[in-house]
Amino acid sequence: MEAGHYDLLVIGGGITGAGIALDAVLRGLKVAVVEMQDFASGTSSRSTKLVHGGLRYLKQFQVAMVAEVGKERDVVYENGPHVTTPEWMLLPLHKGGTFGKFTTSLALRVYDFLAGVKKSERRTMLSVNETLRKEPLIKTEGLKGGGYYVEYRTDDARLTIEVIKAAVANGADIVNYAKADELLYESDKVIGSKVKDMLSNKEYKITAHKVVNAAGPWVDEVRKKDYARNNKQLRLTKGVHLVFDQATFPLRQAVYFDTPDGRMVFAVPRDGKTYVGTTDTFFDQDIRNPKMLIADRDYIINAIHFMFPDVNVTKANVESSWAGVRPLIYEEGKDPSEISRKDEIWEAESGLITIAGGKLTGYRKMAEAVVDLVTKRLLNQNPKAAFEKSHTKTYPISGGEVGGSKGYPLFIEKKEKEALQYGFTLEEGQNLAKMYGSNVDQLFDYGKQYETSTVNLSRIVYAQLMYAIEQEMATKPVDFFIRRTGALFFAIEWVRTWKDEVISIMEKKLEWTEQQTKEYKAQLEKELADAVTPVD
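Take a look at the structure:
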């Protein structure tokens, strides 16, 4: 990367930076991306894991945002059905709640219209009995019925990594654990960055015609390195989610519900678990390590008791949790839930382009807008250059070559049978195909390799680990257990079962130093502890 010269250097390897890289490289730009931690390790692995249109933003009259991100849900789904799936959402309506029956019917109809919802996924209004048939755990007191509409569930970290892999497959150079330490200038214009390899501590210079700051919660930290700053700034808010086993919280149906203080949160069933969130509080602590507080945990548990009175969950039932930071654009006098989730692009006098705010759902459109500006500036520098328009609307991400949503079920059926030839069970084959999409054949090959390996892992864990290391740049155990598999959130016992052998294999394969082994082990243990133990 140091030896080359790029059209575009992107600082930040979350979903926004990943989207920018893919859009730019498909238009013919030479692209580099640096991420100081692991890909998606900030906000992009700690969201509510929904590609949703933001129904509540209609109440704030953010109609344009709802229209844009609503339409994007289907685009994200069609380009990667293995990481995004439709999820019917129940909105229970109670006397005195946030949404009334008439306003909900109207809001959902407007939502369907704005979001261009396909006929089979349009909203229906439910009676009290129909609502309780969908989800018997909902409180009956004051229940007036419900709204039933579609959102989309996603694996946010895997979505990010699949977008990154698609960019790399098209020629982008992308690296994790590489920190943009200092911006480089020529005639007062940004022309790149000094980049520190966080694993070796070596420093490199990467140069580019244009530099984009897509560092999420660290956007202001990057801007502080630039001599030219405008008065815009971020206001960070924190969101916490709790995970329960379905035996404790047997939710049948995803629910978007009122809390006692008038906010709304999601409860979503996933892989034998139920997760609930999110909180929304201002945050000014260590961005790298947002923590679940006792107050966060208790807030969510109280919200569960409020809406699901027969669900007797306690703090002892919390299997796992995650806390994430949202980078929102500061608005004077507004509380966390009121601050707009819309994105903004700022261009400094130095030429540094910054993208901030926005939602996971709108990542592709945000990327398109950034690359439109980048190509415009590149044409100013070189009028003879030629760049295509954005291709990402219909471009499958890595793993997405499954024939779209229509072809996906047949693809899964075919692959789960094929898995038997490689020593996997039908269920394992189905799980791998659903998680990795059209990349599953590479996992099958690792399954074959397992025959000659001498590891103390199951075949499926071995295949996933080898794929994560060799194809997805997993460098540390936390990369594998959090971002590549999501297991620390949704299968924490699986992590406890396999962690020692995974560490041992990664240590040998990646040739860690003694100090690195000690550090990475401690980091994983800390993540395991933080997932279940709140701080005061």
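If you use the UniProt record's numbering, the sequence shown corresponds to residues 1 to 536, in order.
A virtual CB, placed ideally from N, CA and C, is assigned to each residue, including glycine.
Since this is a predicted model, take the numbers as computed values, not measurements.
Among the options, the one whose alpha carbon lies nearest that of residue i
i           : options                   : result
T43         : V212, K194 and L360       : L360
E162        : M473, E519 and W494       : M473
residue 579 : F308, V33, G12 and L91    : A query on residue 579 cannot be resolved here, the shown segment of the chain reaching from 1 to 536 and no further.
Q285        : E135, V255, A214 and G324 : G324
E349        : L443, K210 and L236       : K210
E182        : V371, K205 and Q430       : K205
P534        : A115, A367 and N289       : N289
R73         : Y363, W218, M506 and Y520 : Y363
residue 541 : P327, V265 and M292       : Only positions 1 to 536 of the chain appear in this structure, which leaves residue 541 out of reach.
T475        : T513, E130, L90 and Y111  : T513
Q37         : V25, S47, T140 and G14    : G14
G272        : K144, A254, I482 and M65  : A254
K118        : V75, A267, A385 and D197  : V75
G404        : Y111, A3 and G80          : G80
P269        : T104, S200 and K49        : K49
V532        : D441, V240 and G429       : V240
Local conformation of residue i per DSSP, three classes
i           : result
N289        : coil
S200        : coil
P86         : strand
M125        : strand
N176        : coil
L106        : helix
A208        : strand
E427        : helix
residue 537 : Beyond the ends of the chain as shown, which are 1 and 536, falls residue 537; an answer cannot be given.
T43         : helix
Y436        : helix
N317        : helix
G97         : coil
R386        : Note that residue 386 is Ala in the sequence shown, not Arg. In this structure, A386 counts as coil in the three-state DSSP scheme.
Cβ shell of residue i (< 8 Å), same chain only, five flanking positions each side left out
i    : result
L426 : E416, K417, A419 and L420
L443 : L432, Y436, A463, Q464 and Y467
L379 : A385 and F387
I460 : F424, E428, N431, L432 and G447
Short Cβ contact (8 Å threshold) for residue i with residue j
i    : j    : result
A208 : L373 : no
G96  : G142 : yes
Y152 : V51  : yes
I191 : A18  : no
L510 : P477 : no
V455 : F480 : no
R158 : V63  : no
L251 : A356 : no
L106 : T131 : no
E203 : K196 : yes
Cutoff 7 Å; reference residue i; Cβ partners in own chain excluding five residues on either side
i    : result
I20  : V10, V212, A214, A367, V370 and V371
G277 : T48, G239, V240, H241, L242, V265, F266 and I300
Cβ shell of residue i (< 6 Å), same chain only, five flanking positions each side left out
i    : result
T517 : E507
I138 : P92
For the 8 Å Cβ check, are there 3 or more pairs between the segment 294-307 and the segment 264-281?
yes
Segment contact, 8 Å Cβ cut-off, at least three pairs: the segment 379-395 with the segment 98-107
no
Counting beta carbon pairs with one atom in the segment 480-490 and one in the segment 520-531, are three or more of them shorter than 8 Å?
yes
Assess contact between the segment 241-250 and the segment 215-229, defined as three or more Cβ pairs (one per stretch) separated by less than 8 Å. Is contact present?
no
Is the segment 439-453 touching the segment 111-128, taking contact as three or more C-beta pairs under 8 Å?
no
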